[in-house]
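FYI, full-length UniProt numbering numbers position 144 of the sequence shown as 144, with every residue one higher than the one before it. Ideal placement from N, C-alpha and C gives every residue a C-beta, glycine not left out. The structure under discussion appears below in the form of structure tokens.
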Amino acid sequence: MLDTHAPPRSSVWLPIFAGLCASLVSIGLARFAYTPLIPSLIQAQWFSANDVVYLGAANLVGYLIGALIGRPLAQRTSNKTALRIMMVAVTLAFFACGFALSVVWFFAWRLLSGIAGGAIMVLVAATVLPHVPAARRGLASGAIFLGIGLGIAGSGTIVPPLLSLGLQQTWFGLGLLALVLTVASWFAWPSGTLHEAPARADTCAPTPSGVYLLFAQYAFMAAGLVPAMVFLVDYVARGLGDGAHIGAMIWVMCGLGAIVGPVTYGFLADKLGARLSIRVVLVVQAIAVGLLPFAGSFTALAVLAVILGSFPPGIVPLALARVHELLPNHHQQQVAWSRATVSFATFQALSGFAYSALFNSSGGQHALLFMIAAGAIVVALALELGMFLLNRRPLDTVPTHTLIAAGNLK
Numbered sequence: 001m002l003d004t005h006a007p008p009r010s011s012v013w014l015p016i017f018a019g020l021c022a023s024l025v026s027i028g029l030a031r032f033a034y035t036p037l038i039p040s041l042i043q044a045q046w047f048s049a050n051d052v053v054y055l056g057a058a059n060l061v062g063y064l065i066g067a068l069i070g071r072p073l074a075q076r077t078s079n080k081t082a083l084r085i086m087m088v089a090v091t092l093a094f095f096a097c098g099f100a101l102s103v104v105w106f107f108a109w110r111l112l113s114g115i116a117g118g119a120i121m122v123l124v125a126a127t128v129l130p131h132v133p134a135a136r137r138g139l140a141s142g143a144i145f146l147g148i149g150l151g152i153a154g155s156g157t158i159v160p161p162l163l164s165l166g167l168q169q170t171w172f173g174l175g176l177l178a179l180v181l182t183v184a185s186w187f188a189w190p191s192g193t194l195h196e197a198p199a200r201a202d203t204c205a206p207t208p209s210g211v212y213l214l215f216a217q218y219a220f221m222a223a224g225l226v227p228a229m230v231f232l233v234d235y236v237a238r239g240l241g242d243g244a245h246i247g248a249m250i251w252v253m254c255g256l257g258a259i260v261g262p263v264t265y266g267f268l269a270d271k272l273g274a275r276l277s278i279r280v281v282l283v284v285q286a287i288a289v290g291l292l293p294f295a296g297s298f299t300a301l302a303v304l305a306v307i308l309g310s311f312p313p314g315i316v317p318l319a320l321a322r323v324h325e326l327l328p329n330h331h332q333q334q335v336a337w338s339r340a341t342v343s344f345a346t347f348q349a350l351s352g353f354a355y356s357a358l359f360n361s362s363g364g365q366h367a368l369l370f371m372i373a374a375g376a377i378v379v380a381l382a383l384e385l386g387m388f389l390l391n392r393r394p395l396d397t398v399p400t401h402t403l404i405a406a407g408n409l410k
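What follows is the structure, given as structure tokens:
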């Protein structure tokens, strides 16, 4: 069980600020600032179009590795030390990417930035949330992962002016921003686990099947968000022929959605419950991705971009809240969240390479990727329907533990 004593307000917000900086640097900038750089990397002939796409996927592979090694690294050092190391690694990767020495060089540093992102995603919530009152954890997790949204929005507004100075200067500028955020958050990380009590015997209790359902759903969510997040700017700039400027404007709209998403989704989890909130969000996102190939006007693209932008950072606090609904013990929650992140990262990495290969083999058919993504989100919805049908019996005839496992009780 977790302690419910409320810490001082300042001690709550400092760790949240540190978590926000970590998600901003490692995911918001390290991954999503790459998207508006894709057309420029190709046009400046740093790399071929095929190489640029695969270099984007390198970050997704690194994310999987980071999700796997995050907890072991923290066990050898501490959560705080591991988080600091990962933020420094991302900062170094930005500066290194300013030198296009070779595809291998660039791939290695993009891979390292992904490793840092995966490790931070596994550790940041477990480090910060024990210092937040239980009733505010949905909103707090949204605030932490708001950094992802700020990174998406910031990349759309900061990258274009930096590009006017040159590609190398753009990478150096991103590295300088990451350095400032790393320094600003250095002493804001909490040292202990304020609300965590000693583990009880139920830490070894069987994992409810509802948790495995969440793992599967989270995996298909990952597959569903990759095309829009990786190819949206290129779709607008080259696919629709609207140019890099309009592509950057659409990416800014995507960033606005990403800013609103985490806090809004976290608030929904607090008010409606994570399970219902996930259903609603999946329906809306499936529709938005499915409509993307048919959006011909700037207004339609902008509206869809806001909706789609809310998804990648927004589903993180939702999935985390669902883990907390299904598992009452802090240790179980931490293990389950680590596994959920690995599940997400695995499908994200596989999807990244699969979509890249499909994009190249299809001659750059963006619409095909978006329709497959919509199908992946529909599968995530269908999985819960399948679980419901398998467990469709009168509730008074089903043991309580079975109801909890199936998700019929929270």
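Taking Cβ positions, are residue i and residue j nearer each other than 7 Å?
i: V236; j: G247; result: yes
i: R31; j: N59; result: yes
i: M86; j: A125; result: no
i: T182; j: T91; result: yes
i: S356; j: Y54; result: yes
i: F172; j: G98; result: yes
i: A274; j: R322; result: yes
i: P190; j: H245; result: no
i: I250; j: L301; result: yes
i: G255; j: I152; result: yes
i: A228; j: L308; result: yes
i: A93; j: W109; result: yes
i: L14; j: A188; result: yes
State the CB to CB distance for the pair residue i and residue j, rounded to an integer number of angstroms; the pair is presumed to be in contact (CB under 8 Å).
i: Q218; j: S141; result: Position check: residue 218 holds Tyr in this sequence, whereas Gln was assumed. Contact doesn't hold; Cβ gap of about 15 Å is too wide.
i: L318; j: A269; result: 6 Å
i: V122; j: A67; result: 5 Å
i: G62; j: L29; result: That belief does not hold up - the Cβ atoms of G62 and L29 are roughly 14 Å apart, past 8 Å.
i: I27; j: I148; result: 5 Å
i: F95; j: G175; result: 4 Å
i: A374; j: V303; result: Not really, about 16 Å apart at Cβ, beyond 8 Å.
i: L320; j: W337; result: 6 Å
i: G352; j: V226; result: 6 Å
i: V52; j: I42; result: 6 Å
i: F220; j: A376; result: 5 Å
Shortest alpha-carbon distance to residue i belongs to which of the options?
i: V25; options: S40, R84, D51, Q75; result: R84
i: W105; options: I287, G70, Y265, F47; result: F47
i: R238; options: Y34, P15, I38; result: I38
i: S185; options: I144, A216, L162, A222; result: I144
i: V230; options: L165, K271, A305; result: A305
i: L20; options: A178, G166, Q45, R71; result: A178
i: H324; options: I287, L150, L176, G210; result: G210
i: D234; options: L146, Q365, F187, I16; result: Q365
i: S297; options: M371, D242, L327; result: D242
i: L292; options: R110, E384, A367, K80; result: A367
i: Q168; options: L101, Q332, L358; result: L101
i: A57; options: A295, I69, F359; result: F359
i: G166; options: A74, Q45, N79, K80; result: Q45
i: Q332; options: A33, M253, L272, T207; result: T207
i: L232; options: V12, I16, T77, T35; result: T35
i: L150; options: A33, Q334, G117; result: A33
i: P72; options: Q334, G386, G257; result: Q334
i: S23; options: N79, G117, R76; result: G117
i: I278; options: E384, N79, L146; result: E384
i: P133; options: G70, Q75, I16, I69; result: I16
i: T341; options: L240, G70, V12; result: G70
When you measure from the CB of residue i to every non-hydrogen atom of the ligand COA, does any distance come out below 6 Å?
i: V183; result: As for the ligand COA, it is missing from this structure, which has no ligand bound.
Discussion item. Assess contact between the segment 271-284 and the segment 377-388, defined as three or more Cβ pairs (one per stretch) separated by less than 8 Å. Is contact present?
Written reply: With contact defined as three or more Cβ pairs closer than 8 Å, the segment 271-284 and the segment 377-388 are in contact.
Practice prompt. Report yes or no: do three or more beta-carbon pairs, one from the segment 157-169 and one from the segment 343-354, lie closer than 8 Å?
Written response: Taking 8 Å as the limit for Cβ pairs, the verdict is that the segment 343-354 does not touch the segment 157-169.
Worksheet item: Hey, is the segment 307-324 in contact with the segment 245-264, meaning 3+ C-beta pairs nearer than 8 Å?
Response: Yes: at least three Cβ pairs fall under 8 Å.
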